[in-house]
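2 protein chains.
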Amino acid sequence: MTTIKDVAKKAGVSFKTVSRVLNNDTAVRDSTRAKVLAAIEALDYQPNIVARSLRSQRTHTIGFLTDSIATTPYAGQILQGAQDLAWEHNILLLTVTTNGDQKMKQTAVNTLLNRQVDGIIYATMYHREVHPPDNIRDVPAVLLDCYVADQSLPSVVPDELAGGREVVEYLINKGHRRIGFICDQANVPAKIGRLQGYKEMLAAHNIPFDPDLLHMGESMQNGGYQCAMAIMQQPNPPTALFCYNDRMAMGAYDALRKLNLTIPEDVAIVGFDNQELIAAHLYPPLTTMELPHYQMGQWAVNHLLGLIEEPEAVSAVQQKLPCPVIVRLSA
Amino acid sequence: MTTIKDVAKKAGVSFKTVSRVLNNDTAVRDSTRAKVLAAIEALDYQPNIVARSLRSQRTHTIGFLTDSIATTPYAGQILQGAQDLAWEHNILLLTVTTNGDQKMKQTAVNTLLNRQVDGIIYATMYHREVHPPDNIRDVPAVLLDCYVADQSLPSVVPDELAGGREVVEYLINKGHRRIGFICDQANVPAKIGRLQGYKEMLAAHNIPFDPDLLHMGESMQNGGYQCAMAIMQQPNPPTALFCYNDRMAMGAYDALRKLNLTIPEDVAIVGFDNQELIAAHLYPPLTTMELPHYQMGQWAVNHLLGLIEEPEAVSAVQQKLPCPVIVRLSA
DNA sequence: TTGAAAGCGCTAACAG
DNA sequence: CTGTTAGCGCTTTCAA
Numbered sequence: 001m002t003t004i005k006d007v008a009k010k011a012g013v014s015f016k017t018v019s020r021v022l023n024n025d026t027a028v029r030d031s032t033r034a035k036v037l038a039a040i041e042a043l044d045y046q047p048n049i050v051a052r053s054l055r056s057q058r059t060h061t062i063g064f065l066t067d068s069i070a071t072t073p074y075a076g077q078i079l080q081g082a083q084d085l086a087w088e089h090n091i092l093l094l095t096v097t098t099n100g101d102q103k104m105k106q107t108a109v110n111t112l113l114n115r116q117v118d119g120i121i122y123a124t125m126y127h128r129e130v131h132p133p134d135n136i137r138d139v140p141a142v143l144l145d146c147y148v149a150d151q152s153l154p155s156v157v158p159d160e161l162a163g164g165r166e167v168v169e170y171l172i173n174k175g176h177r178r179i180g181f182i183c184d185q186a187n188v189p190a191k192i193g194r195l196q197g198y199k200e201m202l203a204a205h206n207i208p209f210d211p212d213l214l215h216m217g218e219s220m221q222n223g224g225y226q227c228a229m230a231i232m233q234q235p236n237p238p239t240a241l242f243c244y245n246d247r248m249a250m251g252a253y254d255a256l257r258k259l260n261l262t263i264p265e266d267v268a269i270v271g272f273d274n275q276e277l278i279a280a281h282l283y284p285p286l287t288t289m290e291l292p293h294y295q296m297g298q299w300a301v302n303h304l305l306g307l308i309e310e311p312e313a314v315s316a317v318q319q320k321l322p323c324p325v326i327v328r329l330s331a
Numbered sequence: 332m333t334t335i336k337d338v339a340k341k342a343g344v345s346f347k348t349v350s351r352v353l354n355n356d357t358a359v360r361d362s363t364r365a366k367v368l369a370a371i372e373a374l375d376y377q378p379n380i381v382a383r384s385l386r387s388q389r390t391h392t393i394g395f396l397t398d399s400i401a402t403t404p405y406a407g408q409i410l411q412g413a414q415d416l417a418w419e420h421n422i423l424l425l426t427v428t429t430n431g432d433q434k435m436k437q438t439a440v441n442t443l444l445n446r447q448v449d450g451i452i453y454a455t456m457y458h459r460e461v462h463p464p465d466n467i468r469d470v471p472a473v474l475l476d477c478y479v480a481d482q483s484l485p486s487v488v489p490d491e492l493a494g495g496r497e498v499v500e501y502l503i504n505k506g507h508r509r510i511g512f513i514c515d516q517a518n519v520p521a522k523i524g525r526l527q528g529y530k531e532m533l534a535a536h537n538i539p540f541d542p543d544l545l546h547m548g549e550s551m552q553n554g555g556y557q558c559a560m561a562i563m564q565q566p567n568p569p570t571a572l573f574c575y576n577d578r579m580a581m582g583a584y585d586a587l588r589k590l591n592l593t594i595p596e597d598v599a600i601v602g603f604d605n606q607e608l609i610a611a612h613l614y615p616p617l618t619t620m621e622l623p624h625y626q627m628g629q630w631a632v633n634h635l636l637g638l639i640e641e642p643e644a645v646s647a648v649q650q651k652l653p654c655p656v657i658v659r660l661s662a
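If you read the protein sequences in the order shown, they are chains A and B.
Quick note: the first sequence uses my numbering, first residue 1, plus one each step.
Quick note: the second sequence uses my numbering, first residue 332, plus one each step.
This is how it looks when you write it as structure tokens:
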């Protein structure tokens with residue numbers, strides 16, 4: 001292994017001067033710098049980051065903790081967003097997945113701490129409240145797609161409310177007045193936010209909320225099928241359907257096909273999540289809302305870097321990122 | 332920060348003794364060990380892995396290099412497999428995605444090397460030949476879902492040939508004799524292997540290969556649709572269709588629906604890849620072959636750990652892992 | 001503008 | 001069984 005001393009010897013300077021050159025210290029005469037650079041080049045020297053980390057107390061490494069990564073198509077996007085931004089700053093991600101095991105979470109945080117990570121990102125694969133191990137606070141930490149109830153940790157999540165509003169506004173602009181909402185039955189943040197957005201935007205357009213147009217079910221294909229069936233067989237069915245997510249929309253497609261209703265002529269459909277594999281390949285392709293996974297990844301790293309530079313920043317930002325409409329052919 | 336010296340002072344021993352306890356050195360009197368352990372407990376001491384790494388020349392970190400992670404549903408499974416096994420050995424993954432950028436690959440390997448990773452896994456998201464940066468050989472390295480032409484680096488890939496054979500055998504056992512193959516037009520390893528497996532198993536059952544039953548197209552939904560249409564409208568159409576992948580199978584479903592043919596009564600269908608989002612949600616759910624992503628992740632780490640322990644092992648194993656059948660209702 | 005000395009927290013080598 | 005001394009490769013502190 002080539003060390004800084006080898007370079008120093010070759011360049012005929014002290015090894016501290018080499019260190020200065022490596023760290024872009026301006027207090028080095030240009031001619032000296034050139035000599036050092038030449039020696040570095042000649043020896044193909046690469047600094048040992050571990051040694052540097054030990055001394056400088058900065059590893060340029062971020063711990064990236066997720067609850068699951070294998071079972072969701074979103075994980076990759078989040079990770080990519082985080083990594084792209086980290087890479088720009090010469091920072092690498094140490095990834096650990098806990099599969100929701102509480103004890104492993106604790107161990108994982110300890111492990112990351114022992115490795116002296118400069119900060120930790122704690123990410124979930126769907127928007128929800130979490131209870132991270134307490135010692136996550138020993139370093140700067142950012143929550144991604146999740147939050148703690150007391151908002152004591154900075155967090156970034158999708159703006160569900162605005163997303164719900166936007167879907168409805170989009171449909172209203174297309175001329176729809178009777179808009180059904182096929183909704184998850186569980187009271188998760190996504191459901192609460194989207195439902196509220198739905199109601200708010202109806203109200204904003206003086207369309208009274210009609211409880212008959214709101215059906216809840218399991219947030220899967222089958223739930224979507226059931227809800228769509230029920231909602232469309234009423235006396236005065238809606239002309240548009242806002243589906244809680246793309247999987248429910250997929251079920252709704254089946255129901256409408258069964259009822260001999262065409263999309264979007266008879267019923268317009270908008271989903272949520274933009275699950276490529278589903279949304280882009282349904283007939284007709286599904287208009288839906290994209291969850292800002294990549295952007296949340298980027299935001300989390302960016303904010304974390306800020307905290308690392310300035311750990312005194314006390315206010316724990318609770319950031320919401322917009323969900324853009326992906327217009328396809330179903331609405 | 333609590334250091335090993337604090338523990339030593341508290342326990343009333345030299346700091347080296349603490350180090351021994353930490354490293355499970357048997358040459359420590361039980362009573363001494365107990366004292367040290369008590370002190371560790373009392374101070375909530377956690378060893379600094381960076382310092383340990385610098386001294387021991389082992390970081391217990393593996394570089395995990397991928398070409399893409401955001402755009403494929405497989406990435407998570409591979410990563411999970413790799414991580415699960417690494418975790419058991421107290422090893423963490425430093426992940427970097429290059430998005431296929433050749434220059435970034437080079438930089439990424441350098442970066443990982445500077446960080447003194449104990450080894451590198453170089454993974455792709457579909458089975459293919461690769462040309463990794465040369466300095467990847469500076470540490471033990473394993474290729475995952477890819478290989479180098481001269482087989483000079485160990486590699487693990489799906490056993491495409493056996494997979495193709497198994498599909499055909501499965502269909503033959505179900506009584507089919509005329510089995511069509513809807514195939515990718517690109518000459519990738521998956522296509523070559525599965526096609527050869529198809530031919531071999533037909534031959535093994537004395538079924539002559541009929542070129543009219545082999546149609547190639549774009550390995551997407553649309554290609555599957557086109558091929559299925561063409562193949563089924565021939566004078567003597569097959570009773571079963573082996574589709575190169577699930578996306579082509581998805582297209583084939585549409586074609587058969589158009590032709591008023593039911594699955595599996597009129598035509599049995601088997602896909603390949605087991606893309607959950609597609610396969611499990613088609614009507615009827617798709618029988619398909621699973622790609623061993625999780626297992627490849629595990630194998631790669633396991634093999635890499637072996638190489639790290641025993642770097643002299645020269646033979647670069649080219650491992651093939653089986654693709655299990657996932658039986659659903661389409662065949 | 002450059003260098004010498006110290007030391008980050010730990011493990012290796014050797015001695016006792 | 002335990003301790004001492006050295007030193008991993010680098011940055012920090014202080015001096016020149």
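Note that beta-carbon positions come from the ideal geometry of N, C-alpha and C, so glycine has one too.
Your pair T619 of chain B and V598 of chain B does not check out as a contact, with CB atoms roughly 15 Å apart and the cut at 8 Å. Counting only the Cα atoms, I380 of chain B lies some 21 Å from K341 of chain B. With the criterion set as a beta carbon lying under 9 Å from some beta carbon of chain B, the region 124-138 of chain A has no members that meet it.
Distance from the CA of L153 of chain A to the CA of H303 of chain A, rounded to the nearest whole angstrom, comes to 12 Å.
Not flagged as an interface residue toward chain B: G271 of chain A, since no C-beta distance is shorter than 8 Å. Per DSSP, the beta bridge partners of E290 of chain A are A:D273. A406 of chain B belongs to the set of residues whose beta carbon lies under 8 Å from a beta carbon in chain A. Three or more Cβ pairs closer than 8 Å define a contact, and the region 271-288 of chain A meets that threshold against the region 230-249 of chain A. Sequence-distant Cβ neighbours of G495 of chain B in its own chain, meaning closer than 7 Å and more than five residues away, are G524, R525, L526, Q527, G528 and Y529. Runs of the alpha helix (DSSP H) lying entirely within the region 143-190 of chain A, each at least 4 residues long, are 160-173 in chain order. Within its own chain, the residues whose Cβ lies closer than 6 Å to the Cβ of N135 of chain A, once the five positions on either side in sequence are excluded, are V109, listed in chain order. For A51 of chain A, the closest Cβ of chain B is nearer than 8 Å. Contact between T111 of chain A and L425 of chain B is ruled out by a C-beta separation of about 13 Å, above the 8 Å threshold. Of all residues in the region 240-256 of chain A, the ones placed with a Cβ closer than 7 Å to any Cβ belonging to chain B are M250, in chain order. Rounded to whole angstroms, the separation of the alpha carbons of Q151 of chain A and A316 of chain A is 7 Å. Here the alpha carbon of V344 of chain B sits roughly 47 Å from the alpha carbon of A454 of chain B. Collapsing the DSSP output to three states places T3 of chain A in coil. Straight-line spacing of the CA atoms in E312 of chain A and V139 of chain A works out to 12 Å. At least one CB atom of chain A sits nearer than 8 Å to the CB of Q414 of chain B. Think of a sphere of 7 Å around the beta carbon of N445 of chain B: the chain A residues whose beta carbon falls inside it are Q46, P47, N48 and I49, in chain order. Per DSSP, the continuous beta strand (DSSP E) segment holding T426 of chain B begins and ends at L423 to T428. Here the alpha carbons of N354 of chain B and I503 of chain B stand approximately 58 Å from one another. A residue is called buried once 16 or more other Cβ atoms fall within 10 Å of its Cβ, and G175 of chain A, having fewer, is exposed.
Straight-line spacing of the CA atoms in K16 of chain A and R55 of chain A works out to 14 Å. By the criterion of a C-beta distance shorter than 6 Å, V36 of chain A is surrounded in its chain by A11, V18 and V21, once the five residues flanking it on both sides are discounted. Under the DSSP assignment, E460 of chain B falls in the beta strand (DSSP E) whose first and last residues are G450 to E460.
For secondary structure counted as the beta strand (DSSP E) over 3 or more consecutive residues, the region 19-91 of chain A holds these complete runs in sequence order: 61-66. Counting the other Cβ atoms within 10 Å of the Cβ of A480 of chain B gives fewer than 16, which makes it exposed. In this structure, DSSP gives G217 of chain A an extended state, which the three-state scheme calls strand. With contacts defined as CB atoms closer than 8 Å, Q83 of chain A and H293 of chain A fail to qualify as a contacting pair.
The contact set of I278 of chain A on chain B, defined by CB atoms closer than 7 Å, consists of L608 in chain order. For P322 of chain A, the CB contacts under 7 Å within the same chain, skipping 5 residues up- and downstream, are D159, A162 and P292 in chain order.
A Cβ of chain A is located within less than 8 Å of the beta carbon of I400 of chain B.
The Cβ of N518 of chain B sits no closer than 8 Å to any Cβ of chain A. Judged by DSSP secondary structure, A580 of chain B falls within the alpha helix (DSSP H) whose first and last residues are D577 to K589. Within the same chain, Cβ atoms closer than 6 Å to the Cβ of A521 of chain B are found at H458 and E491, the five residues on either side in sequence being excluded.
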